[in-house]
Structure formats: C-alpha cells, structure tokens
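Peer 1: In the working numbering, the protein residues as written are 10 to 314.
Think of the CB as a built atom: it goes at the ideal place given N, C-alpha and C, for glycine as much as any other residue.
1) Whole angstroms are fine: how far does the CA of residue 195 sit from the CA of residue 87?
2) According to DSSP, is residue 27 part of a helix, a strand, or is it coil?
3) Taking the continuous beta strand (DSSP E) assigned at residue 356, which residues delimit it?
4) For residue 8, which residues from the same chain have a beta carbon less than 7 Å from its beta carbon, with the 5 sequence-adjacent residues on both sides left out?
5) Less than 6 Å between C-beta atoms, sequence neighbours within five positions excluded: which residues of the same chain meet that for residue 249?
6) When burial is assigned at 16 or more other CB atoms within 10 Å of the CB, is residue 177 buried or exposed?
7) Between the Cα of residue 157 and the Cα atoms of 253, 170, 84, 107, which residue gives the shortest distance?
8) How do the region 111-123 and the region 136-156 stand: do at least 3 beta-carbon pairs fall below 8 Å, yes or no?
9) Which of helix, strand or coil does DSSP assign to residue 211?
10) Have a look at residue 208 and residue 197 and give me their C-alpha separation to the nearest angstrom.
11) Would DSSP call residue 91 helix, strand or coil?
12) What does the alpha-carbon distance come out to for the pair residue 183 and residue 263?
13) Taking the alpha-carbon of residue 31 as reference, which of 56, 83, 55 has the nearest alpha-carbon?
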C-alpha cells in the first residue's frame with residue numbers, strides 16, 4: 010500500500026486537484042483521515058507559475074491556488090535555505106542574481122505609482138531595443154556556430170507565449186545558410202462519423218498547447234526539444250537534442266544535455282491526441298527559443314528574455 014506521494018510543481022495545479030486526490034485516497038483506503046493517512050510531499054514555489062486559467066483575472070488565478078483551499082491550513086511548511094546550484098558554482102554574480110530573483114518574487118522591488126511597473130537594478134539585466142538586437146546578442150555569429158552543439162546548448166532565448174517561441178524560431182532558421190526539410194503532420198478526427206464536420210484545413214490550423222506546429226521546418230544542426238515521453242529516462246518531455254539526419258518519417262538526433270549527452274537516437278512519428286482529434290507527428294519542436302517553463306530545466310550560459 011502506498012505510504013508516500015511526492016507532487017512536484019504543485020503550485021501550478023488547480024486547488025481542486027489535491028482536493029480530489031484527498032477524497033479519492035479516503036475512499037480507496039476507507040479512512041476519514043486527511044489524504045487517507047498517506048503522506049503527501051508538495052514541492053513548489055508560489056513565486057513561479059500559478060494555475061493557468063484561460064481568459065481569467067489575477068484574482069481568479071489566486072483563488073485557484075492551493076493556498077485558497079481548505080487543505081492549506083493542514084500543510085506543514087518547510088523552506089529550503091540554500092540554493093545549491095548557486096552554491097556549487099561559487100560565482101558571486103550568480104549569488105547576487107539569485108537574491109534579486111527572491112526579492113522580485115517577494116514583491117520587494119519598488120513599484121512606480123503611475124505605471125504600476127517595477128524598475129530593475131542596473132546589474133539585474135541588459136535591456137535591448139528590439140528582438141533583432143536580442144537575437145544578435147544571445148546568438149552572436151550563429152551563421153558560423155549553428156552546427157556546434159555545445160555552443161547552441163549554452164544559449165537560449167525565453168518567452169512566455171508559445172506563439173512568440175514559434176515565430177522567433179522561424180525567424181532564426183530563415184537566417185541560416187542551409188537547406189531545410191518540412192514535416193507536415195497528418196491530422197484526423199478520432200470519431201470517423203464526425204470527420205465530415207471538420208475540414209482538414211481547419212484541423213491543420215489548430216495549434217493546441219504542448220503540440221508541435223502543423224508544418225515543422227528543420228535542418229541538420231537544428232536544436233530541437235521533445236514534447237512527449239518516448240523512451241524514459243532517455244527520451245523524455247523536455248529533452249534537448251540536435252538534428253543529425255533528416256529522413257522521410259524519422260529524425261536522427263544527438264542528445265545535447267544530461268547524463269546521456271552525445272547518444273544518437275531516432276525520433277519517429279507518433280500519434281498525439283490533444284483533444285478529440287489525432288495528430289500523427291514527430292514529437293519535437295525547434296528550440297533556439299523556449300518558453301519559461303522548458304527553459305528553467307537547464308542553465309544556459311547566455312540567456313535572453
């Protein structure tokens with residue numbers, strides 16, 4: 010019988026999720042105790058991403074947090090006191106930056122009463138005038154280094170919206186002096202009786218979260234990121250790779266990060282079902298630019314936002 014459940018990034022979960030878990034555990038274990046008597050370890054930080062509710066207000070997101078649940082008063086809070094990543098690097102500027110991030114998350118930066126915006130300290134970041142300048146700064150001399158896997162892995166541009174990520178990746182790819190290959194996905198409706206209600210063009214235009222674009226443009230040397238677990242622990246959601254060879258229905262790529270760095274793998278087309286439709290696709294996307302969540306998994310030497 011299960012005695013311990015570890016829930017990572019719980020701050021992103023709607024409060025109804027742990028409440029439902031508690032009711033389910035009480036029912037399964039036939040116990041009236043909280044969580045059915047099972048110890049649940051919650052790991053997360055409310056300074057980071059809160060539950061995402063489409064077309065909601067900040068008040069809606071706060072109300073959806075676990076802090077707004079009746080369970081919160083039963084939670085025993087424990088706080089980590091040392092940032093081990095910063096401690097092991099032993100770099101003073103990294104320690105200073107980590108402290109500034111904590112102050113930002115705690116709302117201790119001064120807020121302009123007229124604009125309701127905060128002002129960053131001069132040593133917090135470099136503010137650039139345009140996206141082109143950002144690309145030139147983070148990916149300097151990309152025309153010469155785009156086939157250098159280590160160079161690419163040390164750089165990343167982060168953005169909050171998937172649309173921004175896709176557009177920037179396309180813009181960067183268009184600058185590279187290489188031929189490209191296009192992979193178009195096969196979109197179908199799961200219920201064949203409903204197929205006539207959804208034209209193929211409409212299905213191709215859909216861009217659900219966590220799914221690659223309908224037309225994926227790649228070239229040899231492109232950095233890509235997996236969007237599905239294919240073969241854990243080797244090929245998991247978020248694994249970064251570099252394209253080695255482009256085949257009609259398979260991509261050969263080299264793992265760029267982690268313990269298996271340097272291993273060559275094959276990424277096939279697989280069915281991906283976001284809603285009541287199915288995409289047969291290669292479960293990866295280019296990642297010159299990432300969203301904040303994916304970017305937080307690695308620590309590039311040069312990073313732009």
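Peer 2: This is what the structure holds:
1) The count along the chain shown starts at 1 and reaches residue 87 at position 78. The count along the chain shown starts at 1 and reaches residue 195 at position 186. Each residue's Cα considered, the two are about 48 Å apart.
2) Stepping through the chain shown from its first residue, residue 27 is reached at position 18. It is helical.
3) One cannot answer for residue 356 here, as it falls past the ends of the chain, which runs 10 to 314.
4) With the chain covering only 10 through 314, there is no way to say anything about residue 8.
5) In the chain shown, counting from the first residue as 1, residue 249 sits at position 240. Same-chain partners within the cutoff: 234, 265, 266.
6) Within the chain shown, residue 177 is the residue found at index 168, counting from 1. Flag for residue 177 reads buried.
7) The sequence position of residue 157 within the chain shown is 148, counting from 1. Measuring from the Cα of residue 157, the nearest candidate turns out to be 253.
8) no
9) One-based indexing of the chain shown puts residue 211 at position 202. Reduced to three states, the DSSP call for residue 211 is helix.
10) Mapped onto the chain shown, residue 208 falls at position 199. Mapped onto the chain shown, residue 197 falls at position 188. Residue 208 and residue 197: Cα-Cα distance of roughly 9 Å.
11) For the purposes of this step, residue 91 is identified with residue 82 of the chain shown, where counting begins at 1. Residue state, collapsed to three classes: coil.
12) The sequence position of residue 183 within the chain shown is 174, counting from 1. The sequence position of residue 263 within the chain shown is 254, counting from 1. Cα to Cα, residue 183 sits roughly 22 Å from residue 263.
13) One-based indexing of the chain shown puts residue 31 at position 22. Residue 83 is the option with its Cα nearest to residue 31.
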